[in-house]
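The next block holds one structure in the form of C-alpha coordinates; read it before the comments.
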Amino acid sequence: MKIRQWSTALVIAGVLAMTGCALNEDGSTNEATNGDTTLRIGTTTDVTNFNPFQTLSKTDNWVLNAMYPHLQRIDENAQKVPELADSYEYTDDGMTAVFTLRDDFVWSDGEPVTSEDVKFSAESIMQYHMSNVAAKLQWVTSIETPDPTTVEFHLSQPYATFAEGISFWMPVAPEHIFADAGDLTKFTNDQEPGGWVGAGAYVLDSYTKGQRYVMKANPDYPYAPDGGAAVKTIEWVVYPDVNTMTLALRNGEIDLMAPPVTASAAESLEGDDNIGLEQVGSLGYADITYNVQKGALGDVAVREAISKTVDTDSIIATILQGLGEPIVGPVSPIFPDYYDTGLEPYGFDPGAAKTMLQDAGYADADGDGMFDDLSFSMICDGSNPNMTRVAEVVHGDAAKAGIDITIGCAERNTFLAQQKGGEYDIILSEHAVYDNPMDQLRSVYLSSNPGGINYNHVEDPQLDALINDAAGTVDESARIPKVKAIADYVYDQALLQPLYVQDFNFAYRSDRFTGFVPSPSDLLGMVTGYSLSHVEPVS
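Read in order, the letters of the sequence shown are residues 1 to 539 in full-length UniProt numbering.
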(Lines of atoms letter the chains of each structure in order from A and count residues from 1; the text may use other names and numbers.)
(Lines give C-alpha, C1' and ligand atoms only; values in the text may rest on other atoms or scores of the structure.)
Protein backbone atom coordinates (compact mmCIF):
# COMPACT_ATOMS: atom_id res chain seq x y z
CA MET A 1 0.00 0.00 0.00
CA LYS A 2 1.29 3.47 -0.82
CA ILE A 3 0.74 6.10 1.82
CA ARG A 4 2.34 9.48 1.66
CA GLN A 5 4.13 10.02 4.95
CA TRP A 6 5.59 13.14 6.45
CA SER A 7 7.61 13.69 9.60
CA THR A 8 7.41 16.95 11.55
CA ALA A 9 8.35 19.43 8.87
CA LEU A 10 6.36 22.57 9.50
CA VAL A 11 6.11 24.70 12.57
CA ILE A 12 2.88 26.55 13.25
CA ALA A 13 1.31 28.64 16.01
CA GLY A 14 -0.23 27.88 19.44
CA VAL A 15 0.44 27.73 23.14
CA LEU A 16 0.86 24.68 25.36
CA ALA A 17 -0.62 24.27 28.81
CA MET A 18 0.16 21.44 31.21
CA THR A 19 -1.84 20.41 34.23
CA GLY A 20 0.52 21.01 37.12
CA CYS A 21 2.38 23.39 34.82
CA ALA A 22 1.19 26.93 34.14
CA LEU A 23 2.60 29.20 31.45
CA ASN A 24 3.73 32.57 32.75
CA GLU A 25 3.97 35.70 30.64
CA ASP A 26 7.74 35.29 30.38
CA GLY A 27 7.33 31.74 29.08
CA SER A 28 8.48 30.01 32.26
CA THR A 29 6.41 27.34 33.99
CA ASN A 30 5.18 26.61 37.47
CA GLU A 31 5.26 22.91 38.33
CA ALA A 32 2.63 21.43 40.61
CA THR A 33 3.75 19.70 43.76
CA ASN A 34 2.60 16.27 42.59
CA GLY A 35 5.03 16.36 39.65
CA ASP A 36 2.58 14.61 37.30
CA THR A 37 2.66 15.66 33.67
CA THR A 38 -0.72 16.25 32.03
CA LEU A 39 -1.40 16.51 28.32
CA ARG A 40 -4.56 18.41 27.38
CA ILE A 41 -6.18 17.28 24.12
CA GLY A 42 -9.02 19.03 22.34
CA THR A 43 -12.00 16.99 21.11
CA THR A 44 -15.22 18.07 19.42
CA THR A 45 -17.93 16.29 21.38
CA ASP A 46 -18.79 14.21 24.41
CA VAL A 47 -18.27 10.47 24.48
CA THR A 48 -21.65 8.98 23.59
CA ASN A 49 -20.98 5.47 24.90
CA PHE A 50 -18.14 4.03 26.99
CA ASN A 51 -18.91 0.53 25.71
CA PRO A 52 -16.28 -0.05 22.98
CA PHE A 53 -18.58 -2.53 21.21
CA GLN A 54 -21.34 0.03 20.82
CA THR A 55 -19.80 2.97 19.02
CA LEU A 56 -18.96 3.90 15.44
CA SER A 57 -17.98 7.41 16.52
CA LYS A 58 -14.48 8.62 15.72
CA THR A 59 -14.51 10.92 18.74
CA ASP A 60 -15.58 8.08 21.06
CA ASN A 61 -12.83 5.89 19.68
CA TRP A 62 -10.14 8.47 20.35
CA VAL A 63 -10.80 7.86 24.04
CA LEU A 64 -11.76 4.18 24.00
CA ASN A 65 -8.94 2.97 21.75
CA ALA A 66 -6.43 4.20 24.30
CA MET A 67 -8.18 2.10 26.95
CA TYR A 68 -9.09 -1.20 25.25
CA PRO A 69 -6.42 -3.12 23.29
CA HIS A 70 -6.87 -4.57 19.84
CA LEU A 71 -5.14 -7.61 18.43
CA GLN A 72 -3.17 -5.37 16.06
CA ARG A 73 -2.62 -1.65 15.57
CA ILE A 74 -1.69 0.45 12.55
CA ASP A 75 1.75 2.03 12.88
CA GLU A 76 3.27 5.22 11.49
CA ASN A 77 4.00 3.46 8.20
CA ALA A 78 0.36 2.37 7.72
CA GLN A 79 1.30 -1.24 8.47
CA LYS A 80 -0.57 -3.55 10.83
CA VAL A 81 1.76 -4.56 13.65
CA PRO A 82 1.24 -6.59 16.84
CA GLU A 83 -0.60 -5.15 19.82
CA LEU A 84 -2.32 -7.78 21.99
CA ALA A 85 -1.60 -10.50 19.42
CA ASP A 86 2.00 -11.42 18.65
CA SER A 87 1.01 -13.20 15.43
CA TYR A 88 -1.70 -15.03 13.52
CA GLU A 89 -1.85 -17.82 10.96
CA TYR A 90 -4.42 -19.78 8.97
CA THR A 91 -4.78 -23.55 9.29
CA ASP A 92 -7.19 -26.17 7.90
CA ASP A 93 -6.95 -24.75 4.37
CA GLY A 94 -8.01 -21.31 5.53
CA MET A 95 -10.93 -22.55 7.63
CA THR A 96 -9.30 -21.60 10.96
CA ALA A 97 -7.56 -18.39 12.00
CA VAL A 98 -5.24 -18.83 14.98
CA PHE A 99 -4.04 -15.86 17.03
CA THR A 100 -1.16 -16.10 19.50
CA LEU A 101 -1.37 -13.45 22.23
CA ARG A 102 1.25 -11.71 24.31
CA ASP A 103 1.30 -12.83 27.95
CA ASP A 104 2.15 -9.46 29.53
CA PHE A 105 -1.06 -7.46 29.09
CA VAL A 106 -2.83 -6.83 32.40
CA TRP A 107 -6.20 -5.22 33.14
CA SER A 108 -5.95 -2.17 35.37
CA ASP A 109 -7.57 -4.08 38.25
CA GLY A 110 -4.73 -6.61 38.19
CA GLU A 111 -6.41 -9.42 36.23
CA PRO A 112 -4.39 -10.79 33.28
CA VAL A 113 -5.67 -10.32 29.73
CA THR A 114 -6.22 -13.79 28.26
CA SER A 115 -7.67 -15.57 25.27
CA GLU A 116 -10.97 -15.80 27.16
CA ASP A 117 -11.31 -12.00 26.94
CA VAL A 118 -10.82 -12.16 23.17
CA LYS A 119 -13.35 -14.98 22.83
CA PHE A 120 -15.88 -13.17 25.01
CA SER A 121 -15.48 -9.94 23.04
CA ALA A 122 -15.97 -11.65 19.68
CA GLU A 123 -18.91 -13.77 20.81
CA SER A 124 -20.62 -10.74 22.38
CA ILE A 125 -20.29 -8.74 19.18
CA MET A 126 -21.70 -11.69 17.22
CA GLN A 127 -24.58 -12.26 19.64
CA TYR A 128 -25.73 -8.65 19.76
CA HIS A 129 -24.66 -7.57 16.24
CA MET A 130 -22.65 -4.67 17.59
CA SER A 131 -20.48 -2.25 15.59
CA ASN A 132 -19.03 -2.84 12.14
CA VAL A 133 -17.03 -5.79 13.54
CA ALA A 134 -20.18 -7.95 13.50
CA ALA A 135 -19.99 -8.14 9.72
CA LYS A 136 -16.40 -9.31 9.88
CA LEU A 137 -17.40 -12.15 12.23
CA GLN A 138 -20.34 -13.43 10.17
CA TRP A 139 -18.54 -16.54 8.95
CA VAL A 140 -17.34 -17.61 12.41
CA THR A 141 -18.90 -20.91 13.48
CA SER A 142 -17.08 -21.31 16.79
CA ILE A 143 -14.19 -19.94 18.85
CA GLU A 144 -11.84 -22.05 20.95
CA THR A 145 -9.20 -21.09 23.52
CA PRO A 146 -6.89 -24.09 24.06
CA ASP A 147 -4.69 -22.03 26.40
CA PRO A 148 -4.53 -18.46 27.81
CA THR A 149 -2.56 -17.11 24.84
CA THR A 150 -4.21 -18.94 21.91
CA VAL A 151 -7.50 -18.08 20.18
CA GLU A 152 -8.88 -20.17 17.31
CA PHE A 153 -11.62 -18.78 15.07
CA HIS A 154 -13.31 -21.55 13.06
CA LEU A 155 -14.96 -20.33 9.85
CA SER A 156 -17.78 -21.70 7.72
CA GLN A 157 -15.66 -21.00 4.64
CA PRO A 158 -12.33 -19.33 3.96
CA TYR A 159 -12.51 -15.54 4.23
CA ALA A 160 -9.48 -13.94 2.64
CA THR A 161 -9.11 -10.93 4.95
CA PHE A 162 -10.74 -12.25 8.12
CA ALA A 163 -7.77 -12.10 10.49
CA GLU A 164 -6.55 -8.79 9.12
CA GLY A 165 -10.00 -7.25 9.49
CA ILE A 166 -10.87 -8.26 13.02
CA SER A 167 -7.36 -7.78 14.39
CA PHE A 168 -7.44 -4.02 13.87
CA TRP A 169 -11.14 -3.30 14.34
CA MET A 170 -12.19 -5.52 17.25
CA PRO A 171 -11.66 -4.05 20.73
CA VAL A 172 -11.00 -6.51 23.54
CA ALA A 173 -12.91 -5.88 26.77
CA PRO A 174 -12.54 -7.55 30.19
CA GLU A 175 -14.84 -10.55 30.43
CA HIS A 176 -14.90 -10.40 34.23
CA ILE A 177 -16.44 -6.91 34.02
CA PHE A 178 -18.66 -7.06 30.93
CA ALA A 179 -20.04 -10.59 31.42
CA ASP A 180 -22.16 -9.44 34.36
CA ALA A 181 -23.69 -6.53 32.43
CA GLY A 182 -26.46 -8.53 30.75
CA ASP A 183 -27.63 -7.18 27.39
CA LEU A 184 -24.53 -5.42 26.10
CA THR A 185 -26.55 -3.33 23.65
CA LYS A 186 -27.92 -1.55 26.73
CA PHE A 187 -24.64 -1.45 28.66
CA THR A 188 -23.03 1.99 28.44
CA ASN A 189 -20.11 1.14 30.75
CA ASP A 190 -20.64 4.42 32.58
CA GLN A 191 -18.75 3.89 35.84
CA GLU A 192 -18.12 5.86 38.99
CA PRO A 193 -14.83 7.81 39.05
CA GLY A 194 -11.95 5.36 39.12
CA GLY A 195 -14.22 2.44 38.25
CA TRP A 196 -13.24 1.79 34.64
CA VAL A 197 -11.05 -1.20 33.85
CA GLY A 198 -8.81 -1.19 30.79
CA ALA A 199 -5.53 -2.63 29.54
CA GLY A 200 -4.47 0.03 27.06
CA ALA A 201 -1.99 2.83 27.55
CA TYR A 202 -4.48 4.99 29.48
CA VAL A 203 -7.63 4.23 31.48
CA LEU A 204 -10.55 6.60 32.00
CA ASP A 205 -10.66 7.93 35.55
CA SER A 206 -13.42 10.58 35.59
CA TYR A 207 -15.35 12.98 33.40
CA THR A 208 -17.57 16.05 33.48
CA LYS A 209 -20.00 15.95 30.58
CA GLY A 210 -19.61 18.82 28.19
CA GLN A 211 -16.25 19.76 29.67
CA ARG A 212 -13.54 17.14 30.08
CA TYR A 213 -12.55 13.45 30.27
CA VAL A 214 -9.57 12.50 32.44
CA MET A 215 -7.47 9.38 31.82
CA LYS A 216 -4.60 7.98 33.89
CA ALA A 217 -1.55 6.16 32.55
CA ASN A 218 -1.61 2.37 32.86
CA PRO A 219 1.71 1.44 34.52
CA ASP A 220 1.49 -2.09 33.07
CA TYR A 221 1.10 -1.08 29.40
CA PRO A 222 3.81 -3.17 27.73
CA TYR A 223 4.54 -0.82 24.82
CA ALA A 224 5.37 2.20 26.97
CA PRO A 225 9.05 3.21 27.14
CA ASP A 226 11.18 1.86 29.97
CA GLY A 227 10.02 3.51 33.16
CA GLY A 228 6.47 3.99 31.89
CA ALA A 229 4.74 6.83 30.08
CA ALA A 230 6.08 10.29 30.89
CA VAL A 231 2.59 11.76 30.53
CA LYS A 232 0.70 10.47 33.56
CA THR A 233 -2.63 12.17 32.86
CA ILE A 234 -4.56 12.80 29.65
CA GLU A 235 -7.28 15.43 29.84
CA TRP A 236 -9.67 15.56 26.89
CA VAL A 237 -11.27 19.01 26.66
CA VAL A 238 -14.57 19.38 24.77
CA TYR A 239 -14.99 22.17 22.20
CA PRO A 240 -17.98 22.80 19.92
CA ASP A 241 -15.97 22.88 16.70
CA VAL A 242 -12.47 22.79 15.24
CA ASN A 243 -12.23 26.55 14.77
CA THR A 244 -12.86 27.21 18.46
CA MET A 245 -10.38 24.50 19.33
CA THR A 246 -7.73 26.08 17.12
CA LEU A 247 -8.11 29.33 19.07
CA ALA A 248 -7.76 27.35 22.29
CA LEU A 249 -4.48 25.95 21.03
CA ARG A 250 -3.30 29.48 20.23
CA ASN A 251 -4.30 30.66 23.70
CA GLY A 252 -2.59 27.84 25.55
CA GLU A 253 -5.73 26.13 26.82
CA ILE A 254 -4.79 22.80 25.20
CA ASP A 255 -1.60 21.10 24.06
CA LEU A 256 -2.84 19.02 21.13
CA MET A 257 -5.82 18.92 18.79
CA ALA A 258 -7.22 15.43 18.21
CA PRO A 259 -8.90 16.38 14.91
CA PRO A 260 -6.78 17.82 12.11
CA VAL A 261 -6.63 21.55 11.59
CA THR A 262 -8.15 22.91 8.41
CA ALA A 263 -5.88 23.79 5.50
CA SER A 264 -6.63 27.49 5.95
CA ALA A 265 -5.85 27.32 9.68
CA ALA A 266 -2.56 25.53 9.05
CA GLU A 267 -1.56 28.21 6.57
CA SER A 268 -2.51 31.03 8.91
CA LEU A 269 -0.57 29.48 11.80
CA GLU A 270 2.61 28.81 9.82
CA GLY A 271 5.70 30.48 11.16
CA ASP A 272 5.16 30.35 14.93
CA ASP A 273 7.99 28.48 16.61
CA ASN A 274 5.83 27.22 19.49
CA ILE A 275 3.58 24.81 17.62
CA GLY A 276 4.49 21.83 15.48
CA LEU A 277 2.47 20.49 12.59
CA GLU A 278 2.59 16.81 11.69
CA GLN A 279 1.23 16.02 8.25
CA VAL A 280 0.06 12.48 7.49
CA GLY A 281 -1.83 10.73 4.73
CA SER A 282 -5.31 9.27 4.91
CA LEU A 283 -6.59 5.70 5.04
CA GLY A 284 -10.10 6.82 4.15
CA TYR A 285 -11.85 9.45 2.05
CA ALA A 286 -14.70 11.92 2.01
CA ASP A 287 -17.82 11.21 -0.01
CA ILE A 288 -21.49 11.86 -0.64
CA THR A 289 -23.64 8.78 -0.06
CA TYR A 290 -27.21 8.38 -1.31
CA ASN A 291 -29.87 6.56 0.74
CA VAL A 292 -31.44 4.46 -2.02
CA GLN A 293 -34.52 3.80 0.13
CA LYS A 294 -35.49 7.48 -0.02
CA GLY A 295 -37.84 8.34 -2.89
CA ALA A 296 -36.23 9.33 -6.18
CA LEU A 297 -32.78 8.45 -4.84
CA GLY A 298 -33.71 4.88 -5.70
CA ASP A 299 -33.26 5.92 -9.35
CA VAL A 300 -29.67 5.59 -10.57
CA ALA A 301 -30.25 8.46 -13.03
CA VAL A 302 -30.99 10.81 -10.14
CA ARG A 303 -27.94 9.68 -8.20
CA GLU A 304 -25.64 10.12 -11.18
CA ALA A 305 -27.16 13.50 -11.99
CA ILE A 306 -26.44 14.76 -8.47
CA SER A 307 -22.89 13.46 -8.78
CA LYS A 308 -22.49 15.51 -11.97
CA THR A 309 -23.17 18.67 -9.96
CA VAL A 310 -20.25 18.07 -7.59
CA ASP A 311 -17.07 19.95 -8.54
CA THR A 312 -14.44 17.86 -6.75
CA ASP A 313 -11.50 19.64 -8.39
CA SER A 314 -12.70 22.98 -7.07
CA ILE A 315 -13.36 21.53 -3.61
CA ILE A 316 -9.80 20.17 -3.40
CA ALA A 317 -8.28 23.40 -4.69
CA THR A 318 -10.27 25.82 -2.53
CA ILE A 319 -11.48 24.08 0.63
CA LEU A 320 -8.49 21.75 1.03
CA GLN A 321 -6.11 24.26 -0.58
CA GLY A 322 -4.59 21.45 -2.59
CA LEU A 323 -3.98 19.09 0.35
CA GLY A 324 -5.82 16.17 -1.17
CA GLU A 325 -6.21 14.09 -4.28
CA PRO A 326 -9.24 13.04 -6.34
CA ILE A 327 -10.80 9.60 -6.19
CA VAL A 328 -13.15 7.74 -8.53
CA GLY A 329 -15.15 4.78 -7.27
CA PRO A 330 -15.36 3.30 -3.77
CA VAL A 331 -11.74 2.09 -3.44
CA SER A 332 -9.04 4.59 -2.53
CA PRO A 333 -6.00 5.13 -4.76
CA ILE A 334 -3.82 4.42 -1.71
CA PHE A 335 -4.43 0.77 -2.69
CA PRO A 336 -2.92 0.87 -6.20
CA ASP A 337 -3.39 -2.86 -6.88
CA TYR A 338 -7.13 -2.59 -6.21
CA TYR A 339 -7.81 0.90 -7.57
CA ASP A 340 -9.44 0.83 -11.02
CA THR A 341 -7.72 3.57 -13.00
CA GLY A 342 -10.08 2.85 -15.90
CA LEU A 343 -13.03 4.50 -14.15
CA GLU A 344 -13.74 8.04 -15.32
CA PRO A 345 -15.17 10.74 -13.01
CA TYR A 346 -18.85 11.47 -13.52
CA GLY A 347 -17.64 14.97 -14.40
CA PHE A 348 -18.81 18.36 -13.17
CA ASP A 349 -21.53 19.43 -15.60
CA PRO A 350 -24.80 20.77 -14.11
CA GLY A 351 -26.18 21.29 -17.62
CA ALA A 352 -25.64 17.65 -18.54
CA ALA A 353 -27.17 16.65 -15.20
CA LYS A 354 -30.30 18.64 -16.02
CA THR A 355 -30.57 17.04 -19.45
CA MET A 356 -30.12 13.58 -17.93
CA LEU A 357 -33.02 14.19 -15.55
CA GLN A 358 -35.26 15.49 -18.33
CA ASP A 359 -34.46 12.41 -20.41
CA ALA A 360 -35.35 10.26 -17.38
CA GLY A 361 -38.82 11.84 -17.29
CA TYR A 362 -38.46 14.39 -14.51
CA ALA A 363 -40.25 17.70 -15.04
CA ASP A 364 -40.50 21.25 -13.72
CA ALA A 365 -44.27 21.71 -13.83
CA ASP A 366 -44.43 25.16 -12.22
CA GLY A 367 -41.44 26.57 -14.09
CA ASP A 368 -39.55 27.64 -10.99
CA GLY A 369 -36.33 26.14 -12.30
CA MET A 370 -36.41 23.19 -9.89
CA PHE A 371 -37.51 19.67 -10.77
CA ASP A 372 -40.64 18.36 -9.10
CA ASP A 373 -40.05 15.65 -6.49
CA LEU A 374 -36.29 16.19 -6.48
CA SER A 375 -35.91 17.86 -3.10
CA PHE A 376 -33.54 16.16 -0.67
CA SER A 377 -32.02 16.77 2.75
CA MET A 378 -28.28 16.36 3.24
CA ILE A 379 -26.75 15.86 6.69
CA CYS A 380 -23.17 16.33 7.83
CA ASP A 381 -21.08 16.80 10.97
CA GLY A 382 -21.46 20.49 11.75
CA SER A 383 -18.30 20.50 13.86
CA ASN A 384 -16.21 19.70 10.76
CA PRO A 385 -15.53 22.94 8.86
CA ASN A 386 -14.54 21.10 5.68
CA MET A 387 -17.88 19.31 5.58
CA THR A 388 -19.96 22.42 6.22
CA ARG A 389 -18.14 24.29 3.44
CA VAL A 390 -18.53 21.36 1.03
CA ALA A 391 -22.25 21.24 1.89
CA GLU A 392 -22.70 24.87 0.85
CA VAL A 393 -20.89 24.26 -2.44
CA VAL A 394 -22.94 21.15 -3.23
CA HIS A 395 -26.19 22.94 -2.36
CA GLY A 396 -25.41 25.79 -4.74
CA ASP A 397 -24.19 23.69 -7.66
CA ALA A 398 -27.06 21.19 -7.42
CA ALA A 399 -29.53 24.07 -7.73
CA LYS A 400 -27.98 24.92 -11.12
CA ALA A 401 -29.27 21.55 -12.34
CA GLY A 402 -32.71 22.05 -10.80
CA ILE A 403 -32.07 19.82 -7.78
CA ASP A 404 -33.03 21.16 -4.35
CA ILE A 405 -30.69 19.98 -1.60
CA THR A 406 -31.43 21.29 1.88
CA ILE A 407 -28.44 21.40 4.23
CA GLY A 408 -29.02 19.73 7.59
CA CYS A 409 -25.58 19.78 9.20
CA ALA A 410 -25.83 19.36 12.97
CA GLU A 411 -23.65 19.08 16.07
CA ARG A 412 -21.69 15.85 16.00
CA ASN A 413 -23.73 13.64 18.33
CA THR A 414 -26.97 14.61 16.58
CA PHE A 415 -25.33 13.83 13.24
CA LEU A 416 -24.16 10.43 14.52
CA ALA A 417 -27.66 9.58 15.73
CA GLN A 418 -29.14 10.51 12.34
CA GLN A 419 -26.48 8.47 10.57
CA LYS A 420 -27.08 5.41 12.74
CA GLY A 421 -30.85 5.65 12.34
CA GLY A 422 -30.81 6.22 8.57
CA GLU A 423 -32.56 9.56 9.10
CA TYR A 424 -31.30 11.24 5.94
CA ASP A 425 -31.63 11.35 2.17
CA ILE A 426 -28.00 12.19 1.49
CA ILE A 427 -25.08 11.98 3.87
CA LEU A 428 -21.88 13.97 3.50
CA SER A 429 -19.07 12.48 5.56
CA GLU A 430 -15.40 11.72 5.98
CA HIS A 431 -14.49 8.08 6.54
CA ALA A 432 -11.39 7.78 8.69
CA VAL A 433 -10.02 4.31 7.95
CA TYR A 434 -10.65 1.83 5.18
CA ASP A 435 -7.71 -0.45 5.86
CA ASN A 436 -8.48 -3.20 3.34
CA PRO A 437 -10.57 -2.88 0.14
CA MET A 438 -12.22 -6.30 0.44
CA ASP A 439 -13.19 -5.79 4.06
CA GLN A 440 -14.36 -2.26 3.31
CA LEU A 441 -16.65 -3.22 0.42
CA ARG A 442 -18.14 -6.09 2.38
CA SER A 443 -18.84 -3.87 5.41
CA VAL A 444 -20.32 -1.03 3.36
CA TYR A 445 -22.40 -2.78 0.68
CA LEU A 446 -23.40 -6.28 1.80
CA SER A 447 -27.18 -6.41 2.36
CA SER A 448 -27.04 -8.89 5.22
CA ASN A 449 -24.34 -6.98 7.04
CA PRO A 450 -25.29 -6.79 10.75
CA GLY A 451 -24.07 -3.74 12.62
CA GLY A 452 -22.29 -2.53 9.54
CA ILE A 453 -21.89 0.75 7.75
CA ASN A 454 -24.24 0.29 4.79
CA TYR A 455 -25.22 3.96 4.71
CA ASN A 456 -26.73 3.51 1.24
CA HIS A 457 -29.19 1.01 2.74
CA VAL A 458 -28.70 -0.88 -0.51
CA GLU A 459 -30.15 -4.39 -0.87
CA ASP A 460 -28.89 -5.77 -4.16
CA PRO A 461 -28.56 -9.55 -4.73
CA GLN A 462 -26.19 -9.02 -7.66
CA LEU A 463 -23.90 -6.86 -5.55
CA ASP A 464 -24.10 -9.36 -2.68
CA ALA A 465 -23.04 -12.17 -5.01
CA LEU A 466 -20.02 -10.21 -6.23
CA ILE A 467 -18.97 -9.45 -2.65
CA ASN A 468 -19.34 -12.99 -1.35
CA ASP A 469 -17.46 -14.44 -4.31
CA ALA A 470 -14.52 -12.08 -3.82
CA ALA A 471 -14.45 -12.51 -0.04
CA GLY A 472 -14.13 -16.27 -0.39
CA THR A 473 -11.23 -16.01 -2.84
CA VAL A 474 -8.10 -16.60 -0.76
CA ASP A 475 -5.54 -16.10 -3.54
CA GLU A 476 -4.94 -12.35 -3.78
CA SER A 477 -4.03 -12.34 -7.46
CA ALA A 478 -7.42 -13.90 -8.20
CA ARG A 479 -9.21 -11.67 -5.69
CA ILE A 480 -7.98 -8.34 -7.08
CA PRO A 481 -10.04 -8.41 -10.32
CA LYS A 482 -13.09 -9.50 -8.32
CA VAL A 483 -12.69 -6.52 -5.97
CA LYS A 484 -12.40 -4.27 -9.02
CA ALA A 485 -15.63 -5.79 -10.35
CA ILE A 486 -17.40 -4.80 -7.11
CA ALA A 487 -16.03 -1.27 -7.38
CA ASP A 488 -17.14 -1.04 -11.02
CA TYR A 489 -20.66 -2.15 -10.11
CA VAL A 490 -20.89 0.40 -7.28
CA TYR A 491 -19.66 3.06 -9.72
CA ASP A 492 -22.21 2.05 -12.38
CA GLN A 493 -24.98 2.25 -9.79
CA ALA A 494 -23.74 5.70 -8.65
CA LEU A 495 -24.13 4.71 -5.01
CA LEU A 496 -21.72 7.43 -3.92
CA GLN A 497 -19.84 10.48 -5.13
CA PRO A 498 -16.29 10.30 -3.77
CA LEU A 499 -14.85 13.73 -3.01
CA TYR A 500 -11.20 13.44 -2.05
CA VAL A 501 -8.47 11.60 -0.19
CA GLN A 502 -7.17 14.19 2.26
CA ASP A 503 -3.76 14.93 3.69
CA PHE A 504 -4.12 15.79 7.39
CA ASN A 505 -2.33 18.41 9.50
CA PHE A 506 -2.22 17.76 13.25
CA ALA A 507 -1.24 20.66 15.50
CA TYR A 508 0.43 20.45 18.91
CA ARG A 509 2.62 22.50 21.26
CA SER A 510 6.08 21.53 20.09
CA ASP A 511 7.65 23.92 22.59
CA ARG A 512 6.32 21.75 25.41
CA PHE A 513 5.89 18.17 24.16
CA THR A 514 7.75 15.83 21.84
CA GLY A 515 7.75 12.13 20.95
CA PHE A 516 4.36 11.75 19.24
CA VAL A 517 4.14 8.77 16.88
CA PRO A 518 1.50 9.81 14.31
CA SER A 519 -0.37 7.24 12.24
CA PRO A 520 -2.23 7.91 8.99
CA SER A 521 -5.90 8.94 9.14
CA ASP A 522 -7.81 11.22 11.47
CA LEU A 523 -9.12 8.25 13.46
CA LEU A 524 -5.58 7.46 14.59
CA GLY A 525 -3.50 10.58 14.02
CA MET A 526 -1.55 11.69 17.08
CA VAL A 527 -3.86 10.24 19.73
CA THR A 528 -3.42 6.47 19.68
CA GLY A 529 -2.54 4.98 23.04
CA TYR A 530 0.82 3.94 21.64
CA SER A 531 1.58 7.49 20.50
CA LEU A 532 0.49 9.14 23.74
CA SER A 533 2.52 6.71 25.84
CA HIS A 534 5.69 7.87 24.03
CA VAL A 535 5.10 11.60 24.50
CA GLU A 536 7.37 13.46 26.89
CA PRO A 537 7.84 17.07 27.95
CA VAL A 538 10.44 19.09 26.10
CA SER A 539 13.52 19.51 28.27
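For every residue, glycine included, the Cβ atom is placed at its ideal position computed from N, Cα and C.
Host alpha helix (DSSP H) of residue i (start-end)
| i | result |
| --- | --- |
| T96 | Taken as a continuous stretch (DSSP letters only), T96 belongs to no alpha helix (DSSP H), being part of the beta strand (DSSP E) at T96 to L101. |
| W169 | F162 to W169 |
| Y491 | E476 to D492 |
| Q419 | R412 to G421 |
| I306 | V300 to S307 |
| S268 | A263 to L269 |
| T312 | T312 to T318 |
| T37 | Unbroken run through T37: none, as it is neither H nor E. |
Cβ-Cβ separation, residue j to residue i (assumed contact under 8 Å), whole Å
| i | j | result |
| --- | --- | --- |
| F105 | V151 | At roughly 13 Å, the Cβ-Cβ gap does not stay under 8 Å, so F105 and V151 are not in contact. |
| L428 | M387 | 6 Å |
| P330 | A487 | 5 Å |
| V390 | I319 | 6 Å |
Beta-bridge pairing of residue i - partner residues as DSSP gives them
| i | result |
| --- | --- |
| T150 | T100 and D147 |
| M257 | G42 |
| F348 | Paired residue(s): none; F348 is not in a bridge. |
| K136 | According to DSSP, K136 bridges with nothing at all. |
| P82 | Q72 |
| A435 | According to the sequence shown, residue 435 is Asp rather than Ala. DSSP, once it has assigned bridges, lists no residue as partnering D435. |
| S87 | T100 |
| A507 | L277 |
| G367 | None, per the DSSP bridge assignment. |
| Y290 | I426 |
| E111 | None, per the DSSP bridge assignment. |
| F513 | P537 |
| G324 | Q502 |
| Q497 | I288 |
| G525 | S519 |
| V106 | P112 |
| L249 | Paired residue(s): none; L249 is not in a bridge. |
Where the beta strand (DSSP E) through residue i begins and ends
| i | result |
| --- | --- |
| A401 | Careful: A401 lies outside any beta strand (DSSP E) and carries neither H nor E. |
| T55 | Premise fails: T55 is in no beta strand (DSSP E) and is neither H nor E. |
| K216 | R212 to A217 |
| G276 | I275 to V280 |
| F376 | S375 to I379 |
| D205 | Y202 to T208 |
| I334 | Counting along the chain, I334 falls outside any beta strand (DSSP E), and DSSP gives it neither H nor E. |
| I234 | T233 to V238 |
Cβ neighbour criterion (16 or more within 10 Å) applied to residue i
| i | result |
| --- | --- |
| P193 | exposed |
| D92 | exposed |
| N77 | exposed |
| K484 | buried |
| P219 | exposed |
| L247 | exposed |
| Q127 | exposed |
| P520 | buried |
| G525 | buried |
| G361 | exposed |
| N505 | buried |
| G538 | The sequence as given places Val at residue 538; Gly does not occur at that position. Looking at its Cβ environment, which holds fewer than 16 other Cβ atoms inside 10 Å, V538 is exposed. |
| T43 | buried |
| Y336 | A small fix is needed here, since residue 336 is Pro in this sequence, not Tyr. Per the 10 Å Cβ criterion, exposed. |
| N274 | buried |
| Q211 | exposed |
| T528 | buried |
| P260 | buried |
| K232 | buried |
| K354 | buried |
Residue i versus the options, residue with shortest Cα-Cα distance
| i | options | result |
| --- | --- | --- |
| G281 | G351, L64 and I334 | I334 |
| Y202 | R509, G422, T38 and M370 | T38 |
| P437 | N189, E411, S447 and R479 | R479 |
| K308 | V444, Y434, Y213 and L495 | L495 |
| V501 | I143, S332 and E123 | S332 |
| residue 540 | L247, I407, A97 and T161 | Because the chain spans 1 through 539 in this model, residue 540 falls outside it and cannot be assessed. |
| P225 | P537, Y530 and V538 | Y530 |
| L532 | G200, L56 and F120 | G200 |
| Y489 | I125, T289 and Y445 | Y445 |
| residue 540 | Q279, A417, M130 and H176 | The first residue shown for the chain is 1 and the last is 539, placing residue 540 beyond what the model contains. |
| A163 | G382, D439, Q211 and G198 | D439 |
| S115 | I319, P174, G347 and Q493 | P174 |
| I316 | H129, F168 and L499 | L499 |
| F371 | A399, E83, V390 and Y213 | A399 |
| N49 | E392, G295, S131 and E253 | S131 |
| Y90 | G110, N61, Y159 and S124 | Y159 |
| A181 | K216, G351 and F120 | F120 |
| I74 | M67, P82 and G402 | P82 |
| G421 | E344, G342, M95 and N291 | N291 |
| T96 | A391, S156, V133 and Y223 | S156 |
| L463 | E476, S477, K482 and D475 | K482 |
beta-carbon residue i near the ligand SAM non-hydrogen atom, thresh 7 Å
| i | result |
| --- | --- |
| H154 | With respect to small molecules bound, the structure shown includes none, and the ligand SAM cannot be examined in it. |
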